[in-house]
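Residue numbering for the sequence shown follows our numbering, beginning at 6 and increasing consecutively.
From the three backbone atoms N, C-alpha and C, an ideal C-beta is built for every residue, glycine too.
Step one of this worksheet: look at the structure below.
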Amino acid sequence: MKVAVFSTRPYDREFLDKANDESQAGHTMFYLESRLNSHTAHLANGYDCVCAFVNDQLGRVELEILAANGTRFIALRSAGFNNVDLDAARKLGLRIGRVPAYSPDAIAEHAVALILSLNRKIHKAYARVREGNFALEGLLGFDLRGKVAGVIGTGKIGLNVARILHGFGCEVLASDPFETPELAAIGGRYVPLDELLGRCDVISLHCPLNPDTHHLIDRTAIGKMKHGVMLINTSRGAVMDARAVIAGLKSGKVGHVGLDVYEEEEDLFFENLSDQVIRDDVFVRLMTFPNVLITGHQGFFTGEAMTAIAGTTIDNITAFGRDGAPLHPVPPERQG
Ligand code: NAI
């Protein structure tokens with residue numbers, strides 16, 4: 006198939022070309038650095054497949070342009086599909102594929118890296134030692150053993166986080182509308198969300214973004230938490246209300262925040278903006294706190310995960326070309 010790949014970075018090209026070669030799929034890949042939006046959608050004119058990433062816009066307007074220009078299939082290089090207007094896609098006869106699981110370990114390990122770095126202030130210690138400053142004031146952490154950790158969303162990633170934190174000796178509490186017996190098998194237990202919010206020292210978010218989870222962590226939810234709680238978000242930015250988190254940080258109610266995602270990240274992440282003025286005041290305010298650690302949506306970024314993303318993306322495109330349906334359709338045939 007002829008594939009227009011949006012939001013391409015050199016590493017995307019490297020892994021996709023390798024998967025295309027190794028599977029001998031023979032797809033014609035057209036790599037674009039641009040993000041997909043209403044201004045760039047026409048660049049896919051004549052391409053029967055469009056390959057898109059998390060911050061590409063696939064709303065009704067973009068989908069109409071793509072469909073009018075001959076696109077029939079959209080291969081997402083992500084698990085989440087909150088950026089796609091599914092209703093418009095269905096009406097336009099566009100099929101969507103995704104990568105449901107590439108390396109839940111990669112994101113889970115990144116969430117735990119944020120917890121450990123924030124707790125032991127590795128980000129501050131690194132800078133201090135390089136300056137010849139070996140003072141320990143301000144670097145006091147806490148033992149994770151014996152602490153209560155909360156996992157919101159016990160899908161593939163959340164279960165891995167639960168398993169790792171249980172291994173550290175934490176009591177693991179979880180909340181998910183679809184409970185799985187796998188949680189008990191790794192030593193965790195489900196509790197009502199309010200109990201989780203009220204009892205946990207560390208809370209990590211692993212639910213998808215949907216109307217039910219939009220701003221799940223807002224002022225009310227933060228009000229129910231323990232003083233000094235650590236909040237970790239590697240799911241989607243809008244699951245947290247960043248303004249409420251800032252208010253919590255200012256009052257001391259929120260003791261640490263680790264973010265790999267941000268609600269307005271599409272104007273920031275995956276770009277080198279180091280010589281530009283960042284205009285998002287909420288994001289800049291977040292960066293001023295000493296107890297906030299932000300990474301730019303890199304949870305997925307391991308060699309294993311990139312190999313799996315590229316392999317499944319090429320397999321989805323091949324299956325669509327052969328059967329008219331991807332291996333992993335959106336919406337998923339079974340959601341849980
Ligand atoms: P998954 O689909 O395996 O699990 C999601 C879980 O959240 C399911 O068990 C579902 O029942 C649960 N859930 C749904 N609504 C909920 C609610 N209101 N409260 C609590 N739980 C709820 O998804 P997976 O693979 O574990 O990924 C989780 C999220 O991580 C994705 O949706 C995506 O947004 C994010 N992600 C982030 C990446 C990164 O690089 N930072 C990379 C990949 C995914």
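Suppose you measure from the CA of G242 to the CA of I251; what does that come to, to the nearest Å? Position 237 of the sequence shown holds residue 242. Position 246 of the sequence shown holds residue 251. Each residue's Cα considered, the two are about 14 Å apart.
Nearest-angstrom Cα distance between K161 and E67? Numbered from its first residue, the sequence shown carries residue 161 at position 156. Numbered from its first residue, the sequence shown carries residue 67 at position 62. Cα atoms of K161 and E67: separation of roughly 31 Å, rounded to the nearest angstrom.
In this structure, how does DSSP classify R327 when only helix, strand and coil are distinguished? For the purposes of this step, residue 327 is taken as residue 322 along the sequence shown, with counting starting at 1. The three-state secondary structure of R327, taken from DSSP, is helix.
Please tell me whether, using a cut-off of 8 Å, the distance from the CB of D110 to the nearest non-hydrogen atom of the ligand NAI is below it. The residue you call residue 110 lines up with position 105 of the sequence shown. Judged by the Cβ position, D110 fails to qualify as a neighbour of the ligand NAI at the 8 Å threshold, every heavy atom of the ligand being at least this far.
Which residue comes first and which comes last in the beta strand (DSSP E) that contains T33? The residue labelled residue 33 in the question sits at position 28 within the sequence shown. Taken as a continuous stretch (DSSP letters only), the beta strand (DSSP E) holding T33 covers T33 to Y36.
Within the present structure, is the beta-carbon of R241 separated from the nearest heavy atom of the ligand NAI by less than 8 Å? On the sequence shown, position 236 is the one that residue 241 refers to. Answer for R241: yes, Cβ within range of the ligand NAI.
Could you tell me which uninterrupted alpha helix (DSSP H) segments, each at least 4 residues in length, are contained entirely in the region 212-271, listed from first to last along the chain? Counting only unbroken stretches of 4 or more residues, the alpha helix (DSSP H) elements lying wholly within the region 212-271 are 224-228 and 247-256, in sequence order.
Does DSSP classify Q186 as helix, strand or coil? As a first step, residue 186 must be located in the sequence shown, where it is residue number 181. In the sequence as displayed, the identity of residue 186 is Pro instead of Gln. Note: P186 maps to coil in three-state DSSP.
Three-state secondary structure (DSSP) of F288: Within the sequence shown, the letter at position 283 stands for residue 288. If DSSP states are grouped into helix, strand and coil, F288 belongs with the helices.
Could you check what DSSP says for Q340 in three-state terms: helix, strand or coil? For this step, residue 340 is matched to residue 335 along the sequence shown. Bear in mind that a pLDDT of 36 at Q340, under 50, signals an unreliable position, so the number given afterwards is only what the model happens to contain. Three-state DSSP puts Q340 in coil, outside helix and strand.
Whole-angstrom Cβ separation of A369 and L99, contact assumed at under 8 Å? Given a span of 6 to 341 for the chain in the structure shown, any question on residue 369 remains unanswerable.
When L188, A154, G51 and A130 are compared against L141, the one with the closest alpha-carbon: Here the question's residue 141 lines up with position 136 in the sequence shown. Among L188, A154, G51 and A130, the Cα nearest to that of L141 belongs to A130.
Between H32 and V8, which are expected to be in contact by the criterion C-beta below 8 Å, what is the C-beta distance as a whole number of angstroms? Residue numbering aside, residue 32 sits at position 27 when the sequence shown is read from its first letter. Residue numbering aside, residue 8 sits at position 3 when the sequence shown is read from its first letter. Taking a contact as a CB-CB distance under 8 Å, the pair H32 and V8 counts as one, their CB atoms being some 5 Å apart.
Does the distance between the C-beta of A106 and the nearest non-hydrogen atom of the ligand NAI fall short of 8 Å? Residue mapping note: residue 106 aligns to position 101 of the sequence shown, counting from 1. Here the distance from the Cβ of A106 to the nearest heavy atom of the ligand NAI is below 8 Å.
I want to check one thing, is the minimum distance from the CB of L63 to the heavy atoms of the ligand NAI below 8 Å? One-based indexing of the sequence shown puts residue 63 at position 58. For the ligand NAI, no non-hydrogen atom lies closer than 8 Å to the CB of L63.
The region 139-156 touching the region 191-210, judged by at least three CB pairs closer than 8 Å: Taking 8 Å as the limit for Cβ pairs, the verdict is that the region 191-210 does touch the region 139-156.
Considering only their Cβ atoms, is the gap separating V177 from G158 smaller than 9 Å? Taking the first residue of the sequence shown as 1, we reach residue 158 at position 153. Taking the first residue of the sequence shown as 1, we reach residue 177 at position 172. In this structure, V177 does not lie closer than 9 Å to G158 by Cβ.
Helix, strand or coil: how does DSSP classify L198 here? Position 193 of the sequence shown, counted from the first residue, corresponds to residue 198. In the structure shown, L198 falls within a helical segment according to DSSP collapsed to helix, strand and coil.
Roughly how far, in whole angstroms, is the beta-carbon of G163 from the beta-carbon of H219, given that I think they are within contact range, below 8 Å? In the sequence shown, counting from the first residue as 1, residue 163 sits at position 158. In the sequence shown, counting from the first residue as 1, residue 219 sits at position 214. Actually they are not in contact, since the Cβ atoms of G163 and H219 sit about 18 Å apart, beyond 8 Å.
Using 9 Å as the threshold, is the C-beta distance between D90 and F58 below it? Locating residue 90 in the sequence shown gives position 85, where the first residue counts as 1. Locating residue 58 in the sequence shown gives position 53, where the first residue counts as 1. Going by C-beta atoms, D90 is not nearer than 9 Å to F58.
Indicate the three-state DSSP secondary structure (helix, strand or coil) for R133 in the structure shown. Here residue 133 is taken as the residue at index 128 of the sequence shown, counted from 1. Here R133 sits in helix by DSSP.
Should A111 and A315 be called a contact, given that it needs their Cβ atoms to be closer than 9 Å? Counting from one through the sequence shown, the residue named residue 111 turns up at place 106. Counting from one through the sequence shown, the residue named residue 315 turns up at place 310. Remark: C-beta atoms of A111 and A315 do not approach each other more closely than 9 Å.
Compute the Euclidean distance between the alpha carbons of R339 and G203, then round it to the nearest angstrom. For the purposes of this step, residue 339 is taken as the residue at position 334 of the sequence shown. For the purposes of this step, residue 203 is taken as the residue at position 198 of the sequence shown. Below a pLDDT of 50, predicted positions are generally treated as unreliable, and R339, at 44, falls in that range; the measurement from the model is reported next regardless. Taking the straight line joining both Cα atoms gives about 32 Å.
Should N60 be counted as a contact of the ligand NAI given a C-beta to heavy atom distance under 8 Å? Within the sequence shown, numbered from 1, the residue matching residue 60 stands at position 55. Flag unset: Cβ of N60 not near the ligand NAI.
Can you list, in chain order, the residues of its chain with a C-beta nearer than 6 Å to that of A30? Leave out the 5 residues immediately preceding and following it. By 1-based counting over the sequence shown, the position of residue 30 is 25. By the criterion of a C-beta distance shorter than 6 Å, A30 is surrounded in its chain by I319 and T323, once the five residues flanking it on both sides are discounted.
For A93 and C54, which I take to be in contact (beta-carbon distance under 8 Å), what is that distance rounded to the nearest angstrom? To locate residue 93, count along the sequence shown from 1; it is residue 88. To locate residue 54, count along the sequence shown from 1; it is residue 49. Wrong, their Cβ atoms sit about 18 Å apart, outside the cutoff.
Spatial neighbours of S180 within its chain, please: CB distance less than 6 Å, with the 5 preceding and 5 following residues excluded, ordered by chain position. Here residue 180 refers to the residue found at position 175 when the sequence shown is read from its first residue. Within its own chain, the residues whose Cβ lies closer than 6 Å to the Cβ of S180, once the five positions on either side in sequence are excluded, are I157, L198 and L201, listed in chain order.
The ligand NAI heavy atoms versus the CB of Y217: any closer than 8 Å? Your numbering for residue 217 matches position 212 in the sequence shown. Tyr is not the amino acid found at residue 217; the sequence shown has Asp there. Result yes, Cβ under 8 Å from the ligand NAI.
Excluding the five sequence neighbours on either side, which residues of its own chain have a C-beta within less than 6 Å of the C-beta of M6, listed in chain order? If you number the sequence shown from 1, residue 6 lands on position 1. Beyond the five residues adjoining it in sequence on each side, M6 comes within less than 6 Å, by CB distance, of H32, D53, C54, I322 and G326 in the same chain, given in chain order.
Would you check if there are 3 or more beta carbon pairs closer than 8 Å linking the region 274-283 to the region 217-233? No, they do not touch.
From which residue to which residue does the alpha helix (DSSP H) around G85 run? Locating residue 85 in the sequence shown gives position 80, where the first residue counts as 1. Here G85 belongs to no alpha helix (DSSP H), and DSSP marks it neither H nor E.
Those runs of the beta strand (DSSP E) which lie wholly inside the region 104-156 and span at least 3 residues: Fully enclosed beta strand (DSSP E) runs of 3 or longer: not present.
If I measure Cβ to Cβ from L332 and keep anything under 6 Å in the same chain, skipping five residues before and after, which residues do I get? For the purposes of this step, residue 332 is taken as the residue at position 327 of the sequence shown. Excluding residues within five positions, the ones whose Cβ falls inside 6 Å are D320, N321 and A324.
Rounding to the nearest angstrom, what Cα-Cα distance links G341 and P182 in this structure? Against the sequence shown, residue 341 aligns to sequence position 336. Against the sequence shown, residue 182 aligns to sequence position 177. Since pLDDT at G341 reaches only 33, below the 50 mark, its modelled position is unreliable, and no value is offered.
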